[in-house]
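Beneath this line is the structure, given in structure tokens, with notes to follow.
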Amino acid sequence: MTRVSCDCDVLVVGGGNAALCAAIAARRAGASVLLLEAATKALRGGNARHSRNMRVMHDAPTPWIRGRYPADDYRSDLRRVAGAADDGLTALFVDASADIVDWLAGNGVRFHSGTDEVLPHSRKTAFFLGGGKALVNALYDTAGRLGVIIRYDSTVRALHLRDGAPAVTVGEPNLTIRTRALVVASGGFQANPGWMRQQWGGGADGFTIRGTPHATGIPLKALLGDGAEPVGAANRCHMVAVDGRAPQFDGGIVTRLDGIVQGIVVDRVGRRFADEGAVVGSKRYTAWGELVARCPGAIAFSIFDAVIGERFRPSIFPAIRADGVGELASVLGIASPALEATVTAFNAAITGGDATAGIHPPKTQLAVPIAVPPFGAYPVRVGVTSTCLGVRIDGRARVLRRDGSAFDGVYAAGVVMAPNILGSGYLAGSAMAIGAVFGRIAGLEAAAHALH
Amino acid sequence: MPCTDDTQQSAADARRALDICNACQFCDGYCTVFRALKMRRLISVADLTFLSNLCHNCRSCYHACQYAPPHAFDLNLPKSLSLVRQQTYRDHVWPPPFRGRLPYAGWPAVAVVAAVALSAVMLVGMPALIWIPPDVLFGRHSGPGAFYRLVPWGAIAGVAGAVMLWSLLAVGFSVASFWRGMGPVPAGVAFLPALRDALCDAATLRNLGGGGAGCNDRDERFSQARRRFHHALFYGVVLCFASTGAATIYHHRLGWQAPYPLLSLPVLLGGIGGAGMLIGAAGLALLKLRADPGPVARSLTGADCSLLALLFLVAASGLGLLALRETAAMGPLLLVHLGLVLGWFATLPYSKFLHAPFRFAALLRAAMERQCKEWGRG
């Protein structure tokens, strides 16, 4: 075998939580590391910019988390959402999550104290002080101080995995960088409109992307094209219901609609299409994301009156208001008689027990008449957090082919491999833990491979 | 007069920012602003008055903000609150005819401080130049009563006392108006525990701590520099007042006349306090000039720095007087120092100094709200 000269020991594709953990771990292990972040410095950090917390196993209270969250509990929570995910990898992940908060803290990330009275009580997750962008800032600072070379504005256009040492083509004009080991931590493909349309049809054009516009899935597609085994599902996303006026990208957490279950929700022809009272807890955001994704045009409208409008935190965008239901409909572009008929039927069906009887779909909780003007509405669209398609890895974060063999010197971390653990499900705070845990593993393994 | 459109624009910007912050709340561990914000569903004018003065301008929330520019939301909470805050100084200034008319931003604000300080120096200097014979003014004086041979004690105490009284009255009325401006006081609150909390917050500058590691003085990295320089300045001023207090006791109770020996209480307190003021004022000004311009309302830097410059000059002239009191420079230095102190007293109600009592009032209000909430929970 001829030796090729390499530009670095470890090349990290991506600039979010998983990529930074990989870069830091590899650098601390003695490798020379180059990190390619597609975003500018100001918007660096991938979806981690919008994250808030990390779900970790712990057998006793830590400085950052109260109570205990044993491995069995974590695994059963994962099994509930993940279905047919990899049990061995899941067990490895849960065990490794136990000291990841310490490791991040040692790399400059600051967490809320577990005794902090500010936060809601949680025995399952540690909260980043200042949120995900503060975590991203801290990790970039640490990586830079350790000597990781960071290149912003560096979109990877191709991976070259066939002959010898891996290489990537980056930027405009094209530059090919060879490396001894490659860590792919480039997230999902939710910001790739063409690929999304393939999976979701024309409705995908109405989706907003809650995170980075750089999650275009080019490295993911390249890995799959080179024979990596897919995991998860290409046609599933983690999605929530957001205000329809949210920006196309990077809306993050604040565009979620708090009060969607308080009134009624209608599609663009003014018909109710689901039981608004079915899910009222924290899962309501996800539930409505998936419901609205199936609506014609992937749009719906949350409708309420002056009384209901006081029961939830208003959207950051002003409510659309009108003195009559018919007028409200015409402002929203819905046929007035249709919405008036829906509201009249809904009001008439409310029984004493805050629920409806005799209409389909019913509203089984929180049913109160929409009667007091002014009436209000928010447009509702789908906000996609990330897609649920990834590549299979082993316990050393090596990317596996369909035949079970590993690519030589190619590792994956973060959302690009999260479906190994999550399937096409979602568990709050787990994606950040997966990113950090497998980022650290991938970095260590890549460094060992490169320096061997 | 600035146009009201600007004022309304600042208020609208701040309200939009706070609405987004309230929906996010990722920064709730940084300071008490977010905790107070969380208790509010909608942001009223009174809330803006309160929250803008509760903000210590540490800028941690800007550097941690996922919506900061160049994001489409263009969120800049520290800057938005700074602009509203200086508006509250204008709105609550005393006497009422000054309301909305005095500048607290830009060069006009610098001009006010400079003009008042200069007039005060002239006020002290001119009569002295006219009435004190040059050989006395520029002569060497030593021993007890040396200062008062130039400027009689009664004149110093009388003029400084009168100016101070006016300023304290004006600041007091301003704070009372501001207190009402923050909206009704939460009912049934134990005042003393809240006062204790607020005093503790003010004395430690807990809210400049960014939840532990300091705040973003210059860029996204955390540092305790601003907090330490502010402590140096604040406690420096406190020590200087303690020095004056000790000197008053020496003069009236013990019958000892200034100047006092180097190892006496007034000189020790004043010397350490003056040094603290020099270091604090210079450090704060330097941090201000080197700060990341992103979250800074540039129009306010001049007003901030003019107060720092005045405090620096007060301390420098005082220390100069101490160092050169045995020489012929004592007379002119004494006049300049007295003039600058007088000027500082006179500008208290009309400069950035107002941030101190307003911030304390806001901290007290926040502590009262916390008490209220804890009781509600209990």
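These protein sequences, in sequence, are chains C and W.
Quick note on our numbering: the first sequence kicks off at -7 and runs consecutively.
Quick note on our numbering: the second sequence kicks off at 13 and runs consecutively.
For every residue, glycine included, the Cβ atom is placed at its ideal position computed from N, Cα and C.
{"Query": "What residues match up with C/Cys287 in a beta bridge as DSSP calls it?", "Result": "Bridge partners of C/Cys287: none, in fact."}
{"Query": "Quick check on W/His68: buried or exposed, where buried means 16 or more other Cβ atoms within 10 Å of its Cβ?", "Result": "buried"}
{"Query": "In chain C, what lies closer than 8 Å to W/Cys398 by C-beta?", "Result": "Nothing can be reported for residue 398 of chain W: it is not among the residues displayed for chain W, which extend from 13 to 390."}
{"Query": "Helix, strand or coil for W/Ala225, going by three-state DSSP, please let me know.", "Result": "coil"}
{"Query": "Is C/Val176 helix, strand or coil by DSSP?", "Result": "strand"}
{"Query": "In its own chain, which residues sit with a C-beta less than 6 Å from the C-beta of W/Gly355, not counting the 5 before and 5 after it?", "Result": "Val128, Ala129 and Ala132"}
{"Query": "Residues of chain C with a CB under 9 Å from the CB of W/Glu381: which are they?", "Result": "Under the 9 Å cutoff, chain C gives no residues; its nearest Cβ is about 14 Å from W/Glu381."}
{"Query": "Could you tell me which of W/Ala287, W/Leu95 and W/Ala117 sits nearest to W/Gln21, measuring between CA atoms?", "Result": "W/Leu95"}
{"Query": "So, does the CB of C/Ala507 fall closer than 8 Å to a CB anywhere in chain W?", "Result": "No statement about residue 507 of chain C is possible, as the shown extent of chain C runs from -7 to 444 and does not include it."}
{"Query": "Is there a C-beta anywhere in chain C that falls below 8 Å from the one on W/Arg82?", "Result": "Note that residue 82 of chain W is Pro in the sequence shown, not Arg. Chain C, which has a Cβ nearer than 8 Å to the Cβ of W/Pro82, makes this yes."}
{"Query": "Quick one: is W/Met13 near chain C, going by C-beta distance under 8 Å?", "Result": "Any reading at W/Met13 must be qualified, since the residue scores a pLDDT of 42, below 50, and its modelled position is unreliable; the value itself is stated next. So, not an interface residue."}
{"Query": "Please list the terminal residues of the continuous beta strand (DSSP E) segment that includes C/His152.", "Result": "Val148 to His152"}
{"Query": "Using the beta-carbon of each residue, which ones in chain W are nearer than 7 Å to C/Ala126?", "Result": "Ala76"}
{"Query": "Can you have a look at C/Thr275 and say buried or exposed, based on whether 16 or more other CB atoms are within 10 angstroms of its CB?", "Result": "It should be noted that the sequence gives Lys, not Thr, for residue 275 of chain C. When all chains shown are included, C/Lys275 counts as exposed."}
{"Query": "With distances taken between CB atoms, is the gap from C/Ser328 to C/Gly344 smaller than 8 Å?", "Result": "no"}
{"Query": "Is it buried or exposed for C/Phe103, if we count other Cβ within 10 angstroms and need 16 for buried?", "Result": "buried"}
{"Query": "Go ahead and label C/Trp56 buried or exposed: buried means 16 or more other beta carbons lie within 10 angstroms of its beta carbon, across all protein chains shown.", "Result": "buried"}
{"Query": "Count the other C-beta atoms from every protein chain shown that fall within 10 angstroms of the C-beta of W/Gly257, then say buried if there are 16 or more, exposed otherwise.", "Result": "exposed"}
{"Query": "On the three-state DSSP scale, how would you describe C/Tyr144?", "Result": "coil"}
{"Query": "Mind checking if W/Ile32 is an interface residue toward chain C, Cβ cutoff 8 Å exclusive?", "Result": "yes"}
{"Query": "Taking 8 Å as the cut-off, decide whether the C-beta atoms of C/Asp1 and C/Ala173 are in contact.", "Result": "yes"}
{"Query": "What number of angstroms, rounded off, separates the C-alpha of W/Phe470 from the C-alpha of W/Ala76?", "Result": "Nothing about residue 470 of chain W can be reported from this structure: the residues present for chain W run from 13 to 390 only."}
{"Query": "Does C/Ile351 come within less than 8 Å of chain W when only Cβ atoms are used?", "Result": "no"}
{"Query": "Do three or more CB pairs link the segment 93 to 109 of chain W to the segment 47 to 66 of chain W at distances below 8 Å?", "Result": "yes"}
{"Query": "Look at the alpha carbon of C/Arg60 and the alpha carbon of C/Val86, and state the distance between them as a whole number of angstroms.", "Result": "14 Å"}
{"Query": "Have a look at W/Phe324 and W/Phe234 and give me their C-alpha separation to the nearest angstrom.", "Result": "26 Å"}
{"Query": "Could you confirm whether any beta carbon from chain W is found closer than 8 Å to the beta carbon of C/Gly244?", "Result": "yes"}
{"Query": "Check whether the Cβ of W/Gly343 lies closer than 7 Å to any heavy atom of the ligand PLP, and answer yes or no.", "Result": "As presented, the structure is devoid of all ligands, the ligand PLP included, so that no description of it is given."}
{"Query": "In chain order, what residues of the segment 32 to 54 of chain W put their CB closer than 7 Å to some CB of chain C?", "Result": "Ile32, Ala35, Cys36, Phe38, Cys39, Asp40, Gly41, Tyr42, Arg47 and Arg53"}
{"Query": "Can you give the Cα-Cα distance for W/Leu331 and W/Ala202, rounded to whole angstroms?", "Result": "44 Å"}
{"Query": "Select from the segment 221 to 254 of chain W all residues with a C-beta closer than 9 Å to any C-beta belonging to chain C, and list them in chain order.", "Result": "Gly222, Gly223, Gly224, Ala225, Glu232, Arg233 and Phe234"}
{"Query": "Write down the C-beta distance between C/Ala23 and C/Gly406 rounded to the nearest angstrom, noting that I regard them as a contact closer than 8 Å.", "Result": "Contact doesn't hold; Cβ gap of about 19 Å is too wide."}
{"Query": "Measure the C-alpha to C-alpha separation of W/Gly193 and C/Ala15 and round it to an integer number of angstroms.", "Result": "52 Å"}
{"Query": "Which residue wins for smallest C-alpha separation from W/Tyr79, given the options W/Thr100, W/Arg52 and W/Arg28?", "Result": "W/Arg28"}
{"Query": "Who are the near neighbours of C/Ile92 in its chain, counting only those whose CB is closer than 8 Å to its CB and skipping five residues on each side?", "Result": "Met46, Val48, Ala425, Ala428, Val429 and Arg432"}
{"Query": "With 8 Å as the limit, tell me which residues of the segment 126 to 142 of chain C have their beta carbon closer than that to any beta carbon of chain W; keep them in chain order.", "Result": "Ala126, Asn129 and Asp133"}
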